[in-house]
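K.L.:
Here's a structure for you.
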Amino acid sequence: MNEIIQLIVEKINYIGAVALFVIGLRIVVLHSNLIKRIMGINIMGTGVFLFFVAIGNVTGGRTPIVGDNPDIVFINPLPSVFILTGIVVVVSITVYSLSLVIRIYQNYGTIDQRELARLINEEDNVR
Amino acid sequence: MFVEQLPIINLILFLFMALIIPLLKRRPFKITLILGFIVLGLVLASSIYLLWYVNNVDSISYTFGGHEARFGIEFLINPFSALFSTMILGLAMIIYIYSSGDATEGVESSEYGRYYVLLFILLMALFGILYTNDLFNTYVFIEILSITTCAIVSIKKKKETYTSAFRYIMMNEIGSLSYLFGVALIYMATGYTNISMISETISVAFSANPVNIIIALGFMVAGLGIKTAVFPLHIWLPDAYSNAPSTSSAILSGIISKGYILVLIKVLYQVFGLDILRELNIQVVLLVLAGTAMIAGSIFAIAQKDVKRMLAYSSVSQVGYILLGVALFSFLGLRAAFFHIFSHAIMKTALFLSVGEIIFYKKTRKVNDFDGLGFIMPVAMGVFSIAALGMIGIPLTSGFISKLNLGIAILDNNYIVFLIILILSSLLNVLYYLPIIILGFLRNEKYHYRMTRIEHTPTTMITPLFILGFLIIGLGLFPNVIFPMIDAAVNTLIP
């Protein structure tokens, strides 16, 4: 039992990342509120970013600024750099999809997926 | 060396053009169009030169900022990337000529440029995806591509397009984040994002951390599968294709879905390598997916009354053909898949553009309204018929050659079941394409009043259709023109 707890504590960052990813996926797929689905995408993204940062971590490592002392262990800076790019990308996706939601609201007067499906169906039948 | 700079110059030219279009807003729109055409022509010339160079001299590798490939970004132009970037640009030029007549319909004159800004950024992202030799860089280009793609779907301010674009971007984003998770897992196991370095070290990493590699493969195949619309993951596709403007549909099915398939091929063959794929037995999964897509896509297409929805479902089944070739994991299979990428891109573009012209004039999308159209719009309906016959796989068209090659590749691997599925799928294609052709050219007394030919068809919309029709038949008659280049591309992926 102790070993399992030990394992969970050691890998807590990886477990957290995967949990965030799955929570986000669940929201995107199953929620009917469009804004909440965009939030789901953001949570999924955060999960992946946490995973990247967790990979780069070195136990006892320090910020990678090269100084006089050559013996210091640095953490891996590359994953953090990837994540900077990733954050920018997810922000732009969020902005674009939010603007789509605004347009959907202006045209249909609702941001609920089920309501939208009903309205679109009715329009198709009228045509 | 000047040649090494050419790929970067291609990308910069696209970005430069995208930047300059909004600045030309107050000038006549013709200036923008001509300038864009010049840029496309320049890039086409340099792509063709690159294609010649990599096939006859050597592959080109370029690292940005002089950082070694381990830390920096590397562009690698080999026969594979050069061949497909040239194909994509050629098709993009044809669609560009066509779109100058169509994309402006229903858009305010001050906003004409928007479509072209998106088009050029999109081409930049596609070229980046093909040129780059870095998994994370591929992710960034994929995201640029997904935003611009969704934007060209929703460019005309109609309300249906907003909901379909929203669904498209949600699915796309699940796909990209899954892909990114795969990249993270591979980076964890190997310590690289550079594709050539990963392929050197992945067998060691696989024996050390097999779980990482297996999960990474699953995430990447699923993520890219959503983007290429492999059958059970295709739910975004029919809405996006049918609600988008015709030129956007042509770009989506002719160019963008091909870009994602090429990334999938790159990931499977270059990153993981055939040894690991065979050991994990992923082949069965891919073959089953391909087989179901081929049959189910065609069956769904038969039920559609809207022409563009029908073409969209037909795309689902055609993706199955390409995936089947890829999943055979043999030289012949990949060769057939590459040829089918070519022929399907050309045929689907021709179908969407000719249907686009019909919609442009007749304002109808119902299959039943097509009767007698062959007499009113001979060019559009003629090209539609040629492309539809190509889809069925009638000899003399490029579709026949790709199905022949696919059949040979299947027989070579002894999967007789898939030969039956291939034939069955072709027969299903007959069921939904042939009625349209018969309707179009059936001289019916009732429709005599329609017999006057429509005048003033803009040449900018007719010429691309002529070119595409000739290309379909040309590739069907002389497939050996491009087979040497395809063989070279296959050889870079299968050592």
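Residue numbers (this note's numbering), protein chains in the order written: chain G, 6 to 132; chain X, 222 to 716. For each residue, glycine too, the CB sits at the ideal point set by N, CA and C.
#1: Indicate the three-state DSSP secondary structure (helix, strand or coil) for residue 672/X in the structure shown.
#2: For residue 298/X, which residues does DSSP report across the bridge?
#3: Tell me whether residue 359/X sits in a helix, a strand or coil according to DSSP, three-state version.
#4: Beta-carbon within less than 6 Å of residue 692/X's beta-carbon, same chain only, minus the 5 sequence neighbours each way: which residues are those?
#5: What is the DSSP secondary structure of residue 605/X, counted as helix, strand or coil?
#6: If we ignore side chains and look at the alpha-carbon of each, how far apart do residue 390/X and residue 616/X end up?
#7: With a 10 Å radius around its C-beta and 16 neighbouring C-beta atoms as the bar for buried, classify residue 384/X as buried or exposed.
#8: From which residue to which residue does the alpha helix (DSSP H) around residue 466/X run?
#9: Do residue 268/X and residue 310/X have their C-beta atoms within less than 8 Å of each other?
#10: Under 8 Å between C-beta atoms, does residue 57/G make it to chain X?
#11: Give the straight-line distance between the Cα atoms of residue 609/X and residue 572/X, rounded to the nearest whole angstrom.
#12: May I ask you to list, following chain order, the residues of the segment 100–114 of chain G that have a beta carbon less than 8 Å from some beta carbon of chain X?
#13: What's the call for residue 650/X, buried or exposed, on a 16-neighbour Cβ count within 10 Å?
#14: Could you tell me whether the Cβ of residue 290/X comes closer than 8 Å to any Cβ of chain G?
#15: With 16 as the cutoff for other CB atoms within 10 Å, does residue 24/G come out buried or exposed?
#16: Would you call the segment 473–482 of chain X and the segment 504–519 of chain X in contact, with 3 or more CB pairs under 8 Å?
#17: Would residue 531/X pass as an interface residue toward chain G - the criterion being a Cβ-Cβ separation below 8 Å?
#18: Listed from N- to C-terminal order along the chain, which residues in the segment 78–92 of chain G have their beta-carbon within a distance smaller than 8 Å of any beta-carbon of chain X?
#19: Can you check which of these residues, 622/X, 547/X, 252/X, 603/X, is closest to residue 704/X by C-alpha distance?
#20: If we call anything under 8 Å between Cβ atoms a contact, is residue 42/G one with residue 32/G?
#21: Does any CB atom of chain X fall closer than 8 Å to the CB of residue 50/G?
#22: So what does DSSP say about residue 67/G, is it helix, strand or coil?
#23: Which one of 476/X, 514/X, 428/X, 460/X has the shortest CA to CA distance from residue 199/X?
#24: Grouping DSSP H, G and I as helix and E and B as strand, with all else coil, what is residue 16/G?
#25: On the three-pair Cβ rule with 8 Å, is the segment 701–715 of chain X touching the segment 298–312 of chain X?
#26: Just grab the DSSP bridge partners of residue 587/X for me.
#27: Rounded C-beta distance between residue 492/X and residue 419/X? I'm assuming under 8 Å.
#28: Which of helix, strand or coil does DSSP assign to residue 79/G?
#29: Skipping 5 residues on each side, what residues in its chain have a beta carbon closer than 8 Å to that of residue 353/X?
#30: In terms of residue numbering, what span does the alpha helix (DSSP H) encompassing residue 226/X cover?
#31: Going by CA-CA distance only, name the one from 438/X, 652/X, 528/X that's closest to residue 602/X.
#32: Keeping to the same chain, check which residues put their C-beta closer than 8 Å to that of residue 366/X; ignore five residues upstream and five downstream.
#33: How is residue 592/X classed by DSSP in three states: helix, strand or coil?
#34: In whole angstroms, what separates the C-alpha of residue 524/X from that of residue 285/X?
#35: Give me the chain G residues within the contact set of residue 427/X, using Cβ-Cβ distance strictly less than 7 Å, ordered along the chain.
#36: For residue 384/X, report the span of its alpha helix (DSSP H) as first-last.
P.N.:
If we stick to the structure as given:
#1: In the second sequence, the residue the question calls residue 672/X occupies position 451. Here residue 672/X scores only 49 on pLDDT, less than 50, and its place in the model should not be relied on; the value that follows carries that caveat. Coil.
#2: Here residue 298/X refers to the residue found at position 77 when the second sequence is read from its first residue. Residue 298/X pairs with 281/X.
#3: As a working mapping, residue 359/X is identified with position 138 in the second sequence. Residue state, collapsed to three classes: helix.
#4: Position 471 of the second sequence, counting from 1, holds the residue named residue 692/X. Cβ neighbours of residue 692/X within its own chain (closer than 6 Å, five residues either side excluded): 567.
#5: What you label residue 605/X is simply residue 384 of the second sequence in a count that begins at 1. Three-state DSSP puts residue 605/X in a helix.
#6: Walking along the second sequence from the start, residue 390/X turns up at place 169. Walking along the second sequence from the start, residue 616/X turns up at place 395. Taking the straight line joining both Cα atoms gives about 39 Å.
#7: Within the second sequence, numbered from 1, the residue matching residue 384/X stands at position 163. Residue 384/X comes out buried.
#8: Translated into the one-based positions of the second sequence, residue 466/X becomes position 245. From DSSP, residue 466/X is part of no alpha helix (DSSP H); its letter is neither H nor E.
#9: In the second sequence, residue 268/X corresponds to position 47, counting from 1. In the second sequence, residue 310/X corresponds to position 89, counting from 1. Taking C-beta atoms as the reference points, residue 268/X and residue 310/X count as a pair closer than 8 Å.
#10: Numbered from its first residue, the first sequence carries residue 57/G at position 52. Residue 57/G counts as touching chain X.
#11: As a working mapping, residue 609/X is identified with position 388 in the second sequence. As a working mapping, residue 572/X is identified with position 351 in the second sequence. Near 7 Å, if we compare the C-alpha coordinates of residue 572/X and residue 609/X.
#12: Residues passing the 8 Å Cβ filter: 101, 102, 105, 106, 108, 109, 112, 113.
#13: Against the second sequence, residue 650/X aligns to sequence position 429. By the 10 Å Cβ count, residue 650/X comes out buried.
#14: Taking the second sequence and counting its residues from 1, one reaches residue 290/X at position 69. Not a single C-beta of chain G is nearer than 8 Å to the C-beta of residue 290/X.
#15: Here residue 24/G refers to the residue found at position 19 of the first sequence. For residue 24/G, the number of other beta carbons within 10 angstroms of its own is below 16, and it is reported as exposed.
#16: No, the segment 473–482 of chain X is not in contact with the segment 504–519 of chain X.
#17: By 1-based counting over the second sequence, the position of residue 531/X is 310. Residue 531/X does not count as touching chain G.
#18: Result list: 83, 84, 87, 90, 91.
#19: Position 483 of the second sequence, counted from the first residue, corresponds to residue 704/X. Of 622/X, 547/X, 252/X, 603/X, the residue nearest in Cα terms is 622/X.
#20: Here residue 42/G refers to the residue found at position 37 of the first sequence. Here residue 32/G refers to the residue found at position 27 of the first sequence. Yes, they are a contact pair.
#21: Taking the first residue of the first sequence as position 1, residue 50/G is located at position 45. Taking Cβ atoms only, chain X reaches closer than 8 Å to residue 50/G, which makes this a yes.
#22: Sequence index remark: in the first sequence, residue 67/G carries index 62 (1-based). The DSSP-derived three-state label of residue 67/G is strand.
#23: Absent from the structure is residue 199/X, since the part of chain X shown begins at 222 and ends at 716.
#24: Stepping through the first sequence from its first residue, residue 16/G is reached at position 11. In this structure, residue 16/G counts as coil in the three-state DSSP scheme.
#25: Segment contact: the segment 701–715 of chain X against the segment 298–312 of chain X, three or more CB-CB distances shorter than 8 Å; contact assigned.
#26: Position 366 of the second sequence, counting from 1, holds the residue named residue 587/X. Per DSSP, 527/X.
#27: What you label residue 492/X is simply residue 271 of the second sequence in a count that begins at 1. What you label residue 419/X is simply residue 198 of the second sequence in a count that begins at 1. About 5 Å separates the beta carbon of residue 492/X from that of residue 419/X, a gap short enough to meet the 8 Å contact definition.
#28: Against the first sequence, residue 79/G aligns to sequence position 74. Strand.
#29: Stepping through the second sequence from its first residue, residue 353/X is reached at position 132. Correct list, in chain order: 294, 295, 296, 297, 359, 362.
#30: Here residue 226/X corresponds to residue number 5 of the second sequence, with the count starting at 1. Element bounds for residue 226/X: n/a, residue is neither H nor E.
#31: Locating residue 602/X in the second sequence gives position 381, counting from the first residue. Of the residues 438/X, 652/X, 528/X, the one whose Cα lies closest to the Cα of residue 602/X is 528/X.
#32: On the second sequence, position 145 is the one that residue 366/X refers to. So the list reads 343, 346, 347, 350, 477, 480, once near-sequence residues are dropped.
#33: Start at 1 with the first residue of the second sequence, and residue 592/X comes out as number 371. In the three-state reduction of the DSSP assignment, residue 592/X falls in the coil class.
#34: As a first step, residue 524/X must be located in the second sequence, where it is residue number 303. As a first step, residue 285/X must be located in the second sequence, where it is residue number 64. Cα-Cα distance, rounded: 51 Å.
#35: Here residue 427/X is taken as the residue at index 206 of the second sequence, counted from 1. By Cβ distance, chain G contributes nothing, its closest Cβ being about 18 Å from residue 427/X, past 7 Å.
#36: Counted from its first residue, the second sequence places residue 384/X at position 163. Counting along the chain, the alpha helix (DSSP H) containing residue 384/X begins and ends at 380–411.
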